[in-house]
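To start, the structure itself, in structure tokens.
In the working numbering, the protein residues as written are 75 to 592.
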């Protein structure tokens, strides 16, 4: 009994003093009037907040029979704190869950009105809470009007004791893409609101709404303590792991519900692939993608790996701004012809995380717009499409001619095994950023010097084969054709011709030649 009473008394420590001195931000004088229980004497403590105070007897009628009266003499510019609406909002947000009822007297002589009953939903057993109670609380704490997609309610016990009530919203909060990327989880200490700026979840979980109520933190916790506290670090880790674990369970048990969560918040979750090395494998399992084989559905990486072709060694992807443009890209032709699935990554963060996540399930990530296509072990269904030895000799000579003609425009000119329909495409060198990542870095001003691309030419294309058979007497025409092939590759890659005026002149000469022969 004594131990229980001591613990109960401990819960009261500090609750009166939380934020007391912030009263001087709106008041130029504060009076505290009280009396000892059973005493006929009352005293007034008074201070202007400038370092001194005075204590003097007070009329007995000025002190309440029970408790303490705190009087704020407001500054002229703080009159809004006399409005019932403002007072009620402050009481509910700061102390609405302390185990003491709060009443408001709106004007002298009016009846007191209950504005907070001191209940805290998160301290109640889950079995006693109705779904509509969770929904009402979610809407109150999150400022949302939808239904939560997921509710996470647990109490941690052991070295740290804290309760968590968190929600995954049913729709995107309006501030999801704010530049500061701040989380919105609130920190309470023994039911008293402390701050919503404690970074209780990593930035890639900033869509999660709710609270953490700690029994171990001091009520006067400072911003510096929040940043440096080992206790809060442990709480952050525990909350993050629990949220990700809950998402994993939803993904496993209710694919439809998880699809909605991913469509709302997947772009934010993928930031964790770039930022959170410790949980990258866990996040990769949660990630969902559209691909050349997915249609309008979503594919997990586990789905992708299970469907890999015999001889396929990598998880292939292509990054860009628009899915339709990606699907029309010539770089995909050889993969599509071989039935190889390619992930289509259209969020800006995709180009960043693939540089930080080297592999999944032992399979490296490989951009189809960078380096060798690695398709040699997966032959085309129609091997007859390969050029014969004589044609191959002509092609090799033509590739060398194109490389010499283009000079510093490209780093190399190669025969392509990734093209089956188009004549040309551009790819990035094996080392360094792929084509899309290079564009993003350049747009952000973070690229000192762009790498020269590799021009890949399809040796099976009829136009290429015809150009390869031209003799030296057509050198000028072949030079024009070499530049036009390069500009064609640039346009197919989403860029402009390297030199618009020269491009127009070459195109005009090509048309004139055709008309003259016609």
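Cβ atoms here follow ideal geometry from the backbone N, Cα and C, with glycine treated the same way.
Is the region 262–281 in contact with the region 309–325, if contact means three or more CB pairs nearer than 8 Å?
They touch, by the three-pair rule.
So residue 615 and residue 560 are in contact, right, with Cβ under 8 Å, and what is the actual spacing, rounded?
In the structure displayed, the chain extends from 75 to 592; residue 615 sits before or after that span and is not available.
How is residue 585 classed by DSSP in three states: helix, strand or coil?
In the structure shown, the three-state DSSP call for residue 585 is helix.
Rounded to the nearest angstrom, how far is the Cβ of residue 244 from that of residue 223, given a contact under 8 Å?
That pair is a contact at about 5 Å.
Taking the straight line between their C-alpha atoms, what separation do you get for residue 147 and residue 200?
Taking the straight line from one Cα to the other gives about 44 Å.
Only counting runs of 3 or more residues, tell me where the beta strand (DSSP E) segments fall wholly within the region 126–167, in order along the chain.
DSSP runs (the beta strand (DSSP E)) wholly in the region 126–167: 127–132, 143–148.
So for residue 444, helix, strand or coil by DSSP?
Of the three classes helix, strand and coil, the one that applies to residue 444 here is strand, per DSSP.
With the cut-off set at 8 Å, would you say residue 383 and residue 412 are in Cβ contact?
Yes, the pair counts as a contact, with Cβ atoms nearer than the cut-off.
Identity of the residue in 101, 480, 587 nearest residue 149 by Cα:
If we check each option's Cα against that of residue 149, 101 comes out closest.
6 Å CB neighbourhood of residue 495 in its chain, flanking five on each side removed
Contacts found: 407.
Beta-carbon proximity of residue 153 to residue 266, cut-off 8 Å
Going by beta carbons, residue 153 and residue 266 fall outside the 8 Å limit.
Exposed unless 16 or more other CB atoms sit within 10 angstroms - verdict on residue 458:
Caution is warranted here: a pLDDT of 43 is assigned to residue 458, below 50, making its placement in the model unreliable, and the coordinate value is therefore given only provisionally. Of the other Cβ atoms in all chains shown, fewer than 16 fall within 10 Å of the Cβ of residue 458; this residue is therefore exposed.
Shortest alpha-carbon distance to residue 44 belongs to which of 471, 156, 529?
Only positions 75 to 592 of the chain appear in this structure, which leaves residue 44 out of reach.
Please say whether residue 286 and residue 318 have beta carbons closer to each other than 8 Å?
No.
When we look at the beta-carbon of residue 511 and count the other beta-carbons within 10 Å, is it buried (16 or more) or exposed?
The residue is buried, with at least 16 neighbouring Cβ atoms inside 10 Å.
Alpha carbon to alpha carbon, what distance is there between residue 144 and residue 138?
Cα-Cα distance, rounded: 10 Å.
Could you work out which residue in 390, 591, 425 is closest to residue 516 when comparing CA atoms only?
Taking only the C-alpha atoms, the option nearest residue 516 is 425.
Can you tell me whether residue 425 is helix, strand or coil according to DSSP?
Helix.
Going by C-alpha to C-alpha distance, which of 242, 183, 291 sits closest to residue 282?
Minimum Cα distance to residue 282 is reached at 242.
Tell me whether the beta-carbon of residue 341 lies closer than 8 Å to the beta-carbon of residue 293.
In this structure, residue 293 does not lie closer than 8 Å to residue 341 by Cβ.
Do you know how far the Cα of residue 321 is from the Cα of residue 573?
Cα atoms of residue 573 and residue 321: separation of roughly 51 Å, rounded to the nearest angstrom.
Classification of residue 505 by the beta-carbon crowding that lies within 10 angstroms, buried from 16 upward:
With fewer than 16 Cβ atoms within 10 Å of its Cβ, residue 505 is classed as exposed.
By DSSP, does residue 305 sit in helix, in strand, or in coil?
Note: residue 305 maps to helix in three-state DSSP.
Am I right that residue 435 and residue 379 are in contact with their C-beta atoms under 8 Å? What's the rounded C-beta distance?
Their Cβ separation, rounded to whole angstroms, is 5 Å, which keeps residue 435 and residue 379 in contact under 8 Å.
In angstroms with no decimal places, state the Cα-to-Cα distance between residue 116 and residue 128.
Residue 128 has its alpha-carbon roughly 14 Å from the corresponding atom of residue 116.
Just how far apart, CA to CA, sit residue 593 and residue 509?
The structure shown does not extend to residue 593, since the chain is modelled only from 75 through 592, so no value can be given for it.
Taking Cβ to Cβ, would you say residue 231 is nearer than 8 Å to residue 290?
Taking 8 Å as the Cβ cut-off, residue 231 and residue 290 do not qualify as a contacting pair.
If you reduce the DSSP assignment to three classes, tell me which class residue 335 lands in.
Assignment of residue 335 by DSSP, reduced to helix, strand and coil, places it in the helix class.
List the whole-angstrom C-beta distance separating residue 503 from residue 528, where the pair is believed to meet the contact cut-off of C-beta under 8 Å.
Correct: roughly 6 Å between the Cβ atoms.
Buried versus exposed, by CB contacts within 10 Å (16 or more), residue 343:
So residue 343 counts as buried.
Check for me: the beta strand (DSSP E) holding residue 215 runs from which residue to which?
It is not in any beta strand (DSSP E) - residue 215 instead sits in the alpha helix (DSSP H) that spans 205–216.
Quick one: using the 10 Å Cβ neighbour count with 16 as the cut-off for buried, is residue 440 buried or exposed?
Classification for residue 440: buried.
Contact set for residue 207: own chain, Cβ-Cβ below 7 Å, skip 5 residues either direction
These residues qualify, in order along the chain: 195.
Could you give the residue range of the beta strand (DSSP E) that holds residue 260?
First-last of the beta strand (DSSP E) with residue 260: 258–263.
Could you tell me if residue 467 is buried or exposed, where buried requires 16 or more neighbouring beta carbons within 10 angstroms of its beta carbon?
Residue environment analysis places residue 467 among the exposed positions, since fewer than 16 neighbouring C-beta atoms fall within 10 angstroms of its C-beta.
Exposed unless 16 or more other CB atoms sit within 10 angstroms - verdict on residue 338
By the 10 Å Cβ count, residue 338 comes out buried.
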